[in-house]
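Everything in the sequence shown is counted per the numbering used here, starting at 87 for the first residue and increasing by one. Shown next, in structure tokens, is the structure this report addresses.
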Amino acid sequence: MEPRRPDSQGPALPICLLLCVYSQVSLVESGGGVKKPGETLRLTCTVSGFSLTSYEVHWVRQPTGKGLDWLGVIWTGGVTAYSNALKNRLSVTKDNSKSQVFLQLTGLQPGDTSVYYCARETQ
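Structure (structure tokens):
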């Protein structure tokens, strides 16, 4: 078997690097902080590595020492669904061009104290 010439694999590395970089999925939450009862919580989820026109994004939260609570979802076309417990206080919107999803929770209560996460389906 003849050894391959070094230049026969030349373009493989740049192509692989491009594919590897662009295949990394990231969702980063921002906003929040300490809020008082009655105030409004506004969070932003900035995504990369995928398009909001192709995947839905969910919001969940986790109170200290407890499991995850599902809050709501925004589907690719912008349609939303919310937890029955929060549907009168929760709003989820998005800006596809900025790759951002927004959560707004009004009338904050002590029971809303949690760590909030945005999440995407796996496929």
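Don't be surprised by glycine CBs; every beta carbon is placed ideally from N, CA and C. Since this is a predicted model, take the numbers as computed values, not measurements.
Tell me which same chain residues have a C-beta within less than 7 Å of the C-beta of S134, skipping the five on either side of it?
Cβ neighbours of S134 beyond the five flanking positions: S112, S185.
Which same chain residues, not among the five before or five after K180, have their C-beta less than 6 Å away from its C-beta?
Only L138, I160, V187 meet the Cβ criterion.
How close, in whole Å, do the beta carbons of P123 and Q195 come, if the pair is a contact with beta carbons under 8 Å?
Your pair P123 and Q195 checks out as a contact, with CB atoms roughly 6 Å apart and the cut at 8 Å.
How would you call L61, buried or exposed, if buried means at least 16 neighbouring beta carbons within 10 angstroms?
As displayed, the chain neither begins before 87 nor continues past 209, which places residue 61 out of reach and without an answer.
So what does DSSP say about G163, is it helix, strand or coil?
coil
Buried or exposed for G158, going by 16 or more other Cβ atoms inside 10 Å?
buried
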